[in-house]
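Heads up: the sequence lines are chains F and Z, in that order. Residues in the first sequence are numbered from 340 upward in steps of one, following my numbering. Residues in the second sequence are numbered from 9 upward in steps of one, following my numbering. All C-beta atoms, glycine included, are put in the ideal place defined by N, C-alpha and C. This structure is a prediction, so every number in the text was calculated from the model and none was measured.
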Amino acid sequence: MKKFVIAATVAATLVSAANAADINICVEGAYPPFSSTEPSGEVVGFDIDIANALCAEMGQSCELVKTDWDGIIPALLEGKCDAIIASMSITPDRMQIIDFSTKYYNSPAGFIGAEGMMESGLDGQRVGVQRGTIHHSFMEGVFPNVELVLYGSQDEIYLDLVAGRVDAIMADSIAMQEGFLDTDSGAGYAFFGESYSVPEYHGDGAGVGVRQGEEELRDAFSAAITAIRESGEYSMINAEYFDFDIFGG
Amino acid sequence: MENLIEYMPLLLSGALVTITLALFSLVLATVLGALGATGKLSGGIIAKSIVGVYTTLVRGVPDLVLILLIYFGGQRLLNIVGNWFDADYIELSKFWAGVGAIGFIYGAYLTETFRGAYMTIPPGQIDAAKALGMRPISVLRTVTIPQLISFALPGYANVWQVLIKSTAVVSIIGLEDLVGLANDAGKSVREPFIFFAFVFCMYLLFTFISQNIFMYAERKYALKGHDDAV
Chain F
340 MKKFVIAATV
350 AATLVSAANA
360 ADINICVEGA
370 YPPFSSTEPS
380 GEVVGFDIDI
390 ANALCAEMGQ
400 SCELVKTDWD
410 GIIPALLEGK
420 CDAIIASMSI
430 TPDRMQIIDF
440 STKYYNSPAG
450 FIGAEGMMES
460 GLDGQRVGVQ
470 RGTIHHSFME
480 GVFPNVELVL
490 YGSQDEIYLD
500 LVAGRVDAIM
510 ADSIAMQEGF
520 LDTDSGAGYA
530 FFGESYSVPE
540 YHGDGAGVGV
550 RQGEEELRDA
560 FSAAITAIRE
570 SGEYSMINAE
580 YFDFDIFGG
Chain Z
9 MENLIEYMPL
19 LLSGALVTIT
29 LALFSLVLAT
39 VLGALGATGK
49 LSGGIIAKSI
59 VGVYTTLVRG
69 VPDLVLILLI
79 YFGGQRLLNI
89 VGNWFDADYI
99 ELSKFWAGVG
109 AIGFIYGAYL
119 TETFRGAYMT
129 IPPGQIDAAK
139 ALGMRPISVL
149 RTVTIPQLIS
159 FALPGYANVW
169 QVLIKSTAVV
179 SIIGLEDLVG
189 LANDAGKSVR
199 EPFIFFAFVF
209 CMYLLFTFIS
219 QNIFMYAERK
229 YALKGHDDAV
């Protein structure tokens with residue numbers, strides 16, 4: 340049986356897949372929890388679920404094409420796929436060669452602190468941030484009344500939160516969930532307050548990449564993103580992976 | 009470690025892709041190398057120049073660049089030609105693009121290996137064979153080829169060892185070879201080092217096995233001493 344599976348895999352590699360689907364979507368497979376490769380070789384994750392939900396919403400059949408991150412934009416440009424859904428941030432540099440739908444998430448920044456803490460009680464409290472980051476500028480701009488404590492690395496802030504030297508931390512939500520809350524030392528701590536993604540401070544988020552000049556496809560993806568946000572499909576997928584709303588405000 | 013065991017069938021299928029890719033590439037490289045060496049040794053001025061450009065160009069450009077050029081550039085060429093004839097999108101297979109690129113690259117190295125081996129055969133032997141009245145085909149079969157194999161084998165084995173390692177770069181075009189899959193799996197379970205350690209061992213195993221095969225071949229095709237000459 341195993342031999343058969345291996346032989347089938349080789350055969351599948353030798354003969355390139357026929358493009359029977361309406362839309363081929365390039366995905367990655369090495370960026371958990373957004374996309375990761377299962378022992379079966381299947382790609383799973385938040386990006387994948389969103390891709391399938393968008394296709395269902397658009398009423399199109401989609402085929403996911405697993406592509407190495409480094410070759411993903413060339414693959415789009417040469418027509419090996421028609422769209423990229425791979426947590427690709429919308430940046431001015433990328434906008435020069437490809438086009439993006441509206442964002443489908445913007446890994447938001449958030450506060451964590453001891454369970455039960457409130458955003459309204461932050462004034463005068465000590466909040467740890469990493470020096471020189473977008474979170475540093477965001478806190479100075481939006482929360483001028485808290486006492487900022489600056490650190491060189493994120494790990495030092497976690498240590499000081501546990502040690503009680505700071506009351507809260509402002510940083511990237513995913514980094515904090517994976518790097519602190521989901522670990523043993525994160526017990527008793529939680530997100531509080533809103534998720535922030537202010538384009539001025541935090542950039543534009545991740546969008547669906549398409550070739551330039553394909554406005555119709557781009558707009559169809561943007562419309563589908565809005566539609567799954569409204570239908571609640573998005574929050575269902577969101578809840579499977581994250582404790583906060585990853586779409587960002 | 010449990011993760012590695014769980015992913016083992018996937019990684020082994022990747023290893024099989026790597027080996028198949030390397031073997032097909034070697035066949036292509038050998039054909040190109042034989043043609044190239046023939047062109048360089050006995051071709052006219054045009055053949056000599058074409059082979060000269062081929063070996064200079066290929067040996068001067070990194071593998072990675074050529075692979076990207078053949079896979080993505082080749083696809084663009086197919087798209088443009090397809091557009092002229094109003095044909096549907098023709099997909100360039102990752103596997104054959106990889107074989108094409110690696111075979112093309114190592115064909116240039118083998119051209120030099122074969123040419124060097126041919127030049128080691130003393131020209132007097134061939135003259136002597138001709139003087140004995142042997143036809144060109146029997147000169148080739150009994151004088152040139154056996155010595156050519158023997159002289160070329162060490163260089164050929166060397167090229168193979170480098171070739172099999174350079175298959176690692178095809179993972180950039182998304183071919184699911186050993187390195188590409190180990191990279192994805194390792195990052196997916198956040199244990200990249202264990203997975204790359206496995207890749208390391210697999211490549212060592214490949215090169216160890218091929219070394220032994222070539223040592224056997226070198227013994228088999230070793231030129232017999234004068235005592236054996238009739």
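Next on the checklist: Less than 8 Å between the beta carbons of Gln551 of chain F and Asp409 of chain F, yes or no?
Outcome noted: no
Checklist entry - When you compare each of F:Ala578, F:Leu487 and F:Pro371 to Arg198 of chain Z by their alpha carbons, which one comes out closest? => result Residue F:Pro371 is the option with its Cα nearest to Arg198 of chain Z.
Checklist entry - What runs of the beta strand (DSSP E), each 3 residues or longer, lie entirely inside the stretch 365-452 of chain F? => result 374-376, 401-405 and 437-444
Item to check | Ser158 of chain Z in three-state terms, based on DSSP | outcome: helix
Next on the checklist: Please tell me whether Ala105 of chain Z and Gly90 of chain Z are closer than 8 Å, where the distance is taken between their beta carbons.
Outcome noted: no
Checklist entry - What does a CB cutoff of less than 6 Å around Glu572 of chain F pick up in its chain, not counting 5 residues either side in sequence? => result If we look at Glu572 of chain F and ignore the five residues flanking it on each side, its Cβ neighbours are Ala392.
Item to check | Length at least 4, wholly inside the stretch 100-159 of chain Z: the alpha helix (DSSP H) runs in chain order | outcome: Runs found: 102-128, 131-139 and 144-147.
Item to check | Straight-line gap, Asp521 of chain F to Ile496 of chain F (C-alpha atoms, nearest Å) | outcome: If I take the Cα positions, the gap works out to 16 Å.
Checklist entry - With a cut-off of 8 Å, does the C-beta of Ile585 of chain F fall near any C-beta of chain Z? => result no
Checklist entry - Hey, would you say Ala559 of chain F sits closer than 8 Å to Met427 of chain F, going by beta carbons? => result no
Checklist entry - How is Gln169 of chain Z classed by DSSP in three states: helix, strand or coil? => result In the structure shown, Gln169 of chain Z falls within a helical segment according to DSSP collapsed to helix, strand and coil.
Next on the checklist: What does the alpha-carbon distance come out to for the pair Ser101 of chain Z and Ile78 of chain Z?
Outcome noted: CA-to-CA, the gap between Ser101 of chain Z and Ile78 of chain Z works out to about 11 Å.
Next on the checklist: Can you confirm whether the stretch 431-447 of chain F touches the stretch 474-489 of chain F when touching is taken to mean that 3 or more C-beta pairs between the two stretches lie within less than 8 Å?
Outcome noted: Not touching, per the Cβ criterion.
Item to check | Segment limits, beta strand (DSSP E) that includes Gln493 of chain F | outcome: Annotation: Gln493 of chain F is outside any beta strand (DSSP E); the continuous alpha helix (DSSP H) that includes it extends over Gln493 to Ala502.
Item to check | Integer-rounded CB distance, given that Lys442 of chain F should sit under 8 Å from Asp582 of chain F | outcome: The pair is not a contact, with the Cβ atoms about 20 Å apart (cut-off 8 Å).
Item to check | Where Asp407 of chain F meets chain Z, residues with beta-carbon distance less than 9 Å | outcome: Ser179, Ile180, Ile181, Gly182, Leu183, Gly188, Asn191 and Asp192
Checklist entry - What residue range is occupied by the uninterrupted alpha helix (DSSP H) comprising Ser574 of chain F? => result Glu572 to Tyr580
Checklist entry - Which residue from Z:Val73, Z:Gly108 and Z:Tyr126 puts its Cα closest to that of Pro154 of chain Z? => result Ranking Z:Val73, Z:Gly108 and Z:Tyr126 by Cα distance to Pro154 of chain Z puts Z:Tyr126 first.
Item to check | Cutoff 8 Å: Glu402 of chain F Cβ touching any chain Z Cβ | outcome: Residue contact check for Glu402 of chain F against chain Z: no CB pair falls below 8 Å.
Next on the checklist: By DSSP's criteria, Val468 of chain F is part of a beta bridge. Which residues make up the other side?
Outcome noted: F:Leu489
Checklist entry - chain Z beta carbons: is any one of them nearer than 8 Å to that of Asp438 of chain F? => result no
Item to check | Alpha-carbon to alpha-carbon, Ile75 of chain Z and Ile362 of chain F | outcome: 26 Å
Checklist entry - Between the stretch 112-131 of chain Z and the stretch 167-176 of chain Z, do at least 3 Cβ pairs fall closer than 8 Å? => result Short answer: they touch.
Next on the checklist: Does chain Z have any CB closer than 8 Å to the CB of Ala514 of chain F?
Outcome noted: Not an interface residue.
Checklist entry - Can you check whether the CB of Phe385 of chain F is closer than 8 Å to the CB of Tyr580 of chain F? => result yes
Next on the checklist: On the DSSP letters alone, give me the boundaries of the alpha helix (DSSP H) that Phe214 of chain Z sits inside.
Outcome noted: Taken as a continuous stretch (DSSP letters only), the alpha helix (DSSP H) holding Phe214 of chain Z covers Pro200 to Lys228.
Item to check | Separation of Leu161 of chain Z from Gly51 of chain Z, as counted between CA atoms | outcome: Cα to Cα, Gly51 of chain Z sits roughly 24 Å from Leu161 of chain Z.
Checklist entry - Taking Cβ-Cβ distances below 9 Å as the criterion, which residues of the stretch 414-431 of chain F are in contact with chain Z? => result Ala414, Leu416, Glu417, Gly418 and Lys419
Checklist entry - With DSSP run on the structure shown, which of helix, strand or coil describes Met509 of chain F? => result strand
Checklist entry - Cβ of Ser174 of chain Z less than 8 Å from any chain F Cβ? => result no
Next on the checklist: At a CB distance below 7 Å, what residues from the stretch 11-23 of chain Z approach chain F? Give them in sequence order.
Outcome noted: From the stretch 11-23 of chain Z, only Glu14, Tyr15, Pro17, Leu18, Leu20 and Ser21 have a Cβ closer than 7 Å to chain F.
Checklist entry - Interface residues of chain F around Ser196 of chain Z at Cβ under 8 Å? => result Gly368, Ala369, Pro371, Ser375, Thr376 and Glu377
Checklist entry - Quick one: what does DSSP say Val259 of chain Z is sitting in, helix, strand or coil? => result Any question about residue 259 of chain Z goes unanswered here, given that chain Z covers just 9 to 238.
Item to check | Proximity test, Cβ basis, 8 Å: Gln5 of chain Z and chain F | outcome: Because chain Z is modelled from 9 through 238, residue 5 of chain Z falls outside the range shown and cannot be assessed.
Item to check | Beta-carbon proximity list for Asp421 of chain F, same chain, < 6 Å, skipping 5 on both sides | outcome: Ile362 and Asn363
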